[in-house]
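**Student:** The structure follows.
There are 2 protein chains.
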Amino acid sequence: MTTETPTARSSRGGRDRRAERHAATREEIIAAAWEQVREHGLAGLSLRDVARAVGMRPPSVYSYFESKAAIYDAMYAEGNAAFLEHVLSVPPLDNPHATLRHAATSFMHFAMEDTSRAQLLFQRTVPDFEPSPESYAMALQALEHTRALLRTVGARRKGDIDVWTAMLSGLVTQQISNDPDGTRWIDRCDDAVDMFLAWIDTR
Amino acid sequence: MTTETPTARSSRGGRDRRAERHAATREEIIAAAWEQVREHGLAGLSLRDVARAVGMRPPSVYSYFESKAAIYDAMYAEGNAAFLEHVLSVPPLDNPHATLRHAATSFMHFAMEDTSRAQLLFQRTVPDFEPSPESYAMALQALEHTRALLRTVGARRKGDIDVWTAMLSGLVTQQISNDPDGTRWIDRCDDAVDMFLAWIDTR
DNA sequence: GTCTATATTTGGATAGAC
DNA sequence: GTCTATCCAAATATAGAC
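Protein chains in written order, with our numbering: chain A, 5 to 207; chain B, 5 to 207.
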């Protein structure tokens, strides 16, 4: 395979400038790819345009990614890393209910700040795309964090997390597809969380 | 435009066999298009394949639809008609809560019975697609029906319907993207409805 | 690693004969 | 209305020189 990171030279002592540059160029390509899906939609990713954006001819991209699918895969991994980081960065407030409320709003903003990324991460509408195991592992880690958060408000039943994720993903889906530039469903987020909390508390 | 229904001949007395046949062929084409998106995804619609499926050469399709977008438009209209019919066909049960619960489950089954259709109707991920006014009117009519249904259970506030649609669309989205062949989120539908009803009742 | 050149496929759409 | 023939554009991907 021609797309692997060049062999490290640490055995020779210094940094491997070659590998560093290779990784940096990969990053450049991925960044250009994000730019393009934000512009033309998730399905509108073209190797030609990506190549042009980074100042290459199309064939040169193949020195960094063996196929277009590999680029999607890298984007998915990067998106999941960002999501996990985001999830872990939400600070605990002074009570669990407030924390959950804030986490929900925060999630919606994460999704809306890049709707193509949200589509890739949470709806996976890319044709013939299967996430790599390591990316999926990150997604599971984020889910586990959510599970823990839900436990703090007393949501312990098996199906609770599915109701929660459905509710949140629904708010995001509606916001994206019916009011992409507004806040109509974002404005309902607190209501939805309160509804969920009341349900947990009173049943 | 070459794609309009041929001029009616009712002034000459009899039925217009020409127009009937034209409409029938249009239907055939749309049916083949549905078949194809069910197979290859919503974005995987190709005029060539549609033409072949109905026994035509590609250019002949242009006698029935002026462009690929026009086919999507017709599909959207047909999907909305089916949805409206479905919504109106849900029978009232002996109490409003039971009726709403049944309507929700019924909606999920409608969505899952053709996920490409659900994607077209409720997520609109087709590139550069804008629904025609008459299709949109049908969608609004279905929404109005839902609004009326929600009123019967006491959900009268402005944002209630948005919470409801978010919840339902979220259950469907999660079901489609994370468990397309199972019932994981379908199984949570009654829980979600009960949560919603409790929220309406107790606030 | 990057390029030129090219293969190959596939797509939407049009012109014009019949 | 349907066809043949064709155009044009875009896409992924490979071969091989430099």
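Note that beta-carbon positions come from the ideal geometry of N, C-alpha and C, so glycine has one too. These numbers come from a predicted model, not from an experiment.
#1: To the nearest whole angstrom, what separates the beta carbons of B:V197 and B:A73, a pair I think is in contact under 8 Å?
#2: Rank B:P135, B:S136, B:I165 and B:P137 by C-alpha distance to the C-alpha of B:H149 and give the top, closest one.
#3: Could you work out which residues of chain A lie near B:L92, taking near to mean beta carbons separated by less than 7 Å?
#4: Figure out for me which residue from A:R192, A:Q179 and A:P131 has the closest Cα to the Cα of A:L49.
#5: With 16 other CB atoms within 10 Å as the buried threshold, where does A:S93 fall?
#6: Since B:A170 and A:L175 should fall inside the 8 Å C-beta cutoff, what is the C-beta to C-beta distance between them, to a whole number of angstroms?
#7: Skipping 5 residues on each side, what residues in its chain have a beta carbon closer than 7 Å to that of B:V58?
#8: Once DSSP output is grouped into helix, strand and coil, what is the label at A:Y140?
#9: Hey, does A:Q40 have any beta-carbon neighbour from chain B nearer than 9 Å?
#10: Ordered along the chain, which non-local residues of its own chain (more than five positions away) have a Cβ less than 8 Å from that of B:I180?
#11: B:D195 by DSSP, collapsed to three states: which one?
#12: Which residues in chain B sit within 8 Å of A:F200, going by Cβ to Cβ distance?
#13: Near B:A81, which residues of its chain fall below 6 Å by C-beta distance, leaving aside the five closest residues on each side in sequence?
#14: Which whole-angstrom value is the C-beta distance of A:S154 and A:W168, which I expect to be below 8 Å?
#15: Which residues of chain B have a Cβ atom closer than 9 Å to the Cβ of A:R52, listed in chain order?
#16: Using DSSP with H/G/I as helix, E/B as strand and the rest coil, what is A:R61?
#17: Compute the Euclidean distance between the alpha carbons of B:M79 and A:A27, then round it to the nearest angstrom.
#18: With a threshold of 9 Å between beta carbons, is B:A196 in contact with chain A?
#19: Using alpha carbons as the reference points, say which of A:H106, A:F126, A:A159 and A:I75 lies closest to A:L253.
**Tutor:** With the structure as the only source:
#1: The Cβ separation is near 37 Å, so there is no contact.
#2: B:I165
#3: Within chain A, no residue comes near B:L92; the closest Cβ sits about 22 Å away, beyond 7 Å.
#4: A:P131
#5: exposed
#6: 5 Å
#7: E32, I33 and A36
#8: helix
#9: no
#10: A115, M116, T119, A122 and Q123
#11: helix
#12: M199
#13: S139
#14: Ser is not the amino acid found at residue 154 of chain A; the sequence shown has Leu there. 6 Å between Cβ atoms; contact.
#15: Those within 9 Å of A:R52 in chain B number zero; the least Cβ separation is about 17 Å.
#16: coil
#17: 45 Å
#18: yes
#19: Because chain A in this structure spans residues 5 to 207, residue 253 of chain A falls outside the shown range and cannot be described.
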